[in-house]
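Undergrad: Here it is, the structure in full.
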Amino acid sequence: MFPFMLFSTLFSSTFTEPGEKRWVCNSSDTSVWYSYCDNLKFPISVNAEPCITLKGGRGKLYLYYIPRRDIKSLYFNIYVSFKSVNFPVRKEVICRGSDDDYSFCRALKGGLPTASCGKCDNRLGTGSSSLAN
10 MFPFMLFSTL FSSTFTEPGE KRWVCNSSDT SVWYSYCDNL KFPISVNAEP
60 CITLKGGRGK LYLYYIPRRD IKSLYFNIYV SFKSVNFPVR KEVICRGSDD
110 DYSFCRALKG GLPTASCGKC DNRLGTGSSS LAN
(Lines of atoms letter the chains of each structure in order from A; the text may use other names.)
(Lines give C-alpha, C1' and ligand atoms only; values in the text may rest on other atoms or scores of the structure.)
Protein backbone atom coordinates (compact mmCIF):
# COMPACT_ATOMS: atom_id res chain seq x y z
CA MET A 10 0.00 0.00 0.00
CA PHE A 11 2.75 2.45 0.93
CA PRO A 12 4.73 1.97 -2.35
CA PHE A 13 1.53 2.69 -4.34
CA MET A 14 0.86 5.90 -2.40
CA LEU A 15 4.47 6.99 -2.80
CA PHE A 16 4.43 6.29 -6.55
CA SER A 17 1.13 8.10 -7.11
CA THR A 18 2.29 11.08 -5.03
CA LEU A 19 5.63 11.42 -6.80
CA PHE A 20 4.28 11.10 -10.32
CA SER A 21 0.81 12.66 -10.11
CA SER A 22 2.05 15.96 -11.54
CA THR A 23 4.06 14.20 -14.25
CA PHE A 24 1.09 12.48 -15.90
CA THR A 25 -1.17 15.43 -16.59
CA GLU A 26 -4.26 15.32 -18.75
CA PRO A 27 -5.01 18.02 -21.30
CA GLY A 28 -7.18 20.77 -19.91
CA GLU A 29 -10.29 22.39 -21.27
CA LYS A 30 -10.52 22.77 -25.05
CA ARG A 31 -10.02 26.34 -26.31
CA TRP A 32 -11.62 27.45 -29.56
CA VAL A 33 -9.32 28.77 -32.32
CA CYS A 34 -11.50 29.33 -35.38
CA ASN A 35 -14.25 28.10 -37.70
CA SER A 36 -14.05 27.96 -41.48
CA SER A 37 -16.66 26.79 -43.97
CA ASP A 38 -15.59 23.17 -43.49
CA THR A 39 -13.57 23.00 -40.26
CA SER A 40 -13.62 23.93 -36.58
CA VAL A 41 -10.32 23.94 -34.67
CA TRP A 42 -9.64 23.78 -30.91
CA TYR A 43 -6.54 23.23 -28.78
CA SER A 44 -5.79 22.30 -25.19
CA TYR A 45 -2.79 22.60 -22.90
CA CYS A 46 -1.59 21.16 -19.61
CA ASP A 47 -1.07 24.14 -17.33
CA ASN A 48 -2.81 25.53 -14.28
CA LEU A 49 -2.93 29.13 -15.57
CA LYS A 50 -6.20 30.26 -17.09
CA PHE A 51 -4.73 31.47 -20.42
CA PRO A 52 -0.98 30.73 -20.61
CA ILE A 53 -1.04 30.32 -24.40
CA SER A 54 -3.10 32.12 -27.02
CA VAL A 55 -3.43 30.57 -30.50
CA ASN A 56 -4.83 32.25 -33.61
CA ALA A 57 -4.97 31.02 -37.21
CA GLU A 58 -5.24 33.53 -40.03
CA PRO A 59 -7.13 32.60 -42.14
CA CYS A 60 -8.67 29.62 -40.38
CA ILE A 61 -7.25 26.22 -41.32
CA THR A 62 -9.22 24.54 -44.10
CA LEU A 63 -9.16 20.95 -45.29
CA LYS A 64 -9.36 22.09 -48.93
CA GLY A 65 -5.78 23.25 -48.78
CA GLY A 66 -4.76 26.82 -48.44
CA ARG A 67 -2.17 29.12 -47.08
CA GLY A 68 -2.18 30.81 -43.74
CA LYS A 69 -0.33 31.64 -40.58
CA LEU A 70 -0.57 30.24 -37.09
CA TYR A 71 0.16 32.75 -34.32
CA LEU A 72 1.19 31.76 -30.78
CA TYR A 73 1.33 34.27 -27.94
CA TYR A 74 2.97 33.26 -24.67
CA ILE A 75 5.72 33.96 -22.14
CA PRO A 76 7.45 30.75 -21.05
CA ARG A 77 7.38 30.03 -17.32
CA ARG A 78 10.27 27.59 -17.69
CA ASP A 79 12.90 26.82 -20.31
CA ILE A 80 11.32 25.24 -23.38
CA LYS A 81 12.80 21.81 -24.01
CA SER A 82 9.73 20.06 -25.38
CA LEU A 83 6.42 21.45 -26.56
CA TYR A 84 3.40 19.81 -28.14
CA PHE A 85 -0.22 20.66 -28.87
CA ASN A 86 -3.34 18.56 -28.82
CA ILE A 87 -5.38 19.64 -31.85
CA TYR A 88 -9.08 18.91 -32.13
CA VAL A 89 -10.72 19.12 -35.57
CA SER A 90 -14.38 18.82 -36.51
CA PHE A 91 -15.44 18.48 -40.17
CA LYS A 92 -19.15 18.83 -40.99
CA SER A 93 -20.10 17.82 -37.42
CA VAL A 94 -17.78 14.78 -37.46
CA ASN A 95 -15.07 14.89 -34.78
CA PHE A 96 -11.68 13.55 -35.84
CA PRO A 97 -9.29 11.86 -33.40
CA VAL A 98 -7.10 14.20 -31.37
CA ARG A 99 -3.86 14.98 -33.15
CA LYS A 100 -0.76 15.48 -31.05
CA GLU A 101 1.52 17.87 -32.92
CA VAL A 102 5.09 17.93 -31.56
CA ILE A 103 6.58 21.40 -31.99
CA CYS A 104 9.80 21.14 -29.92
CA ARG A 105 11.60 17.84 -29.32
CA GLY A 106 14.65 19.13 -27.44
CA SER A 107 17.10 18.63 -30.30
CA ASP A 108 17.10 19.35 -34.03
CA ASP A 109 14.02 21.59 -33.77
CA ASP A 110 12.56 23.47 -36.75
CA TYR A 111 11.52 26.54 -34.73
CA SER A 112 13.95 29.00 -33.16
CA PHE A 113 11.76 29.61 -30.08
CA CYS A 114 12.22 25.98 -28.96
CA ARG A 115 15.28 27.04 -26.98
CA ALA A 116 13.56 30.03 -25.33
CA LEU A 117 14.44 30.61 -21.70
CA LYS A 118 12.05 31.19 -18.81
CA GLY A 119 10.48 34.65 -18.83
CA GLY A 120 11.87 35.66 -22.21
CA LEU A 121 9.84 36.81 -25.18
CA PRO A 122 10.24 34.07 -27.77
CA THR A 123 10.79 35.01 -31.37
CA ALA A 124 10.01 32.54 -34.10
CA SER A 125 11.41 31.61 -37.43
CA CYS A 126 11.13 28.36 -39.28
CA GLY A 127 13.09 26.89 -42.13
CA LYS A 128 10.82 23.87 -42.72
CA CYS A 129 7.31 25.22 -42.16
CA ASP A 130 5.58 23.84 -45.26
CA ASN A 131 2.61 21.55 -44.65
CA ARG A 132 2.47 22.08 -40.89
CA LEU A 133 -0.88 21.57 -39.18
CA GLY A 134 -2.63 20.86 -42.48
CA THR A 135 -1.98 24.23 -44.13
CA GLY A 136 0.09 24.96 -47.20
CA SER A 137 2.44 27.27 -45.35
CA SER A 138 2.42 28.09 -41.66
CA SER A 139 4.53 30.39 -39.60
CA LEU A 140 4.63 31.14 -35.92
CA ALA A 141 4.99 34.63 -34.50
CA ASN A 142 5.14 35.97 -30.97
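Per my numbering, the sequence shown starts with residue 10, numbered consecutively. Backbone N, C-alpha and C fix where the C-beta goes; we use that ideal spot for every residue, glycine too. Note that the structure is predicted; figures quoted are calculated from it, not measured.
1. So for R115, helix, strand or coil by DSSP?
2. Between D79 and Y71, what straight-line distance do the alpha-carbon atoms span, to the nearest angstrom?
3. When burial is assigned at 16 or more other CB atoms within 10 Å of the CB, is L83 buried or exposed?
4. With which residues is C34 paired in a DSSP beta bridge?
5. Am I right that Y43 and I75 are in contact with their C-beta atoms under 8 Å? What's the rounded C-beta distance?
6. Less than 8 Å between the CB atoms is what I'm expecting for S40 and S107, so what's the real figure, rounded?
7. Give me the Cα-Cα distance between N56 and K118, rounded to the nearest whole angstrom.
8. DSSP three-state call for F91: helix, strand or coil?
9. Over what stretch of residues does the beta strand (DSSP E) that includes C104 continue unbroken?
TA: Taking the structure as given:
1. helix
2. 20 Å
3. buried
4. V41
5. Contact flag wrong, Cβ pair sits at about 18 Å.
6. At roughly 34 Å, the Cβ-Cβ gap does not stay under 8 Å, so S40 and S107 are not in contact.
7. 22 Å
8. strand
9. 99–104
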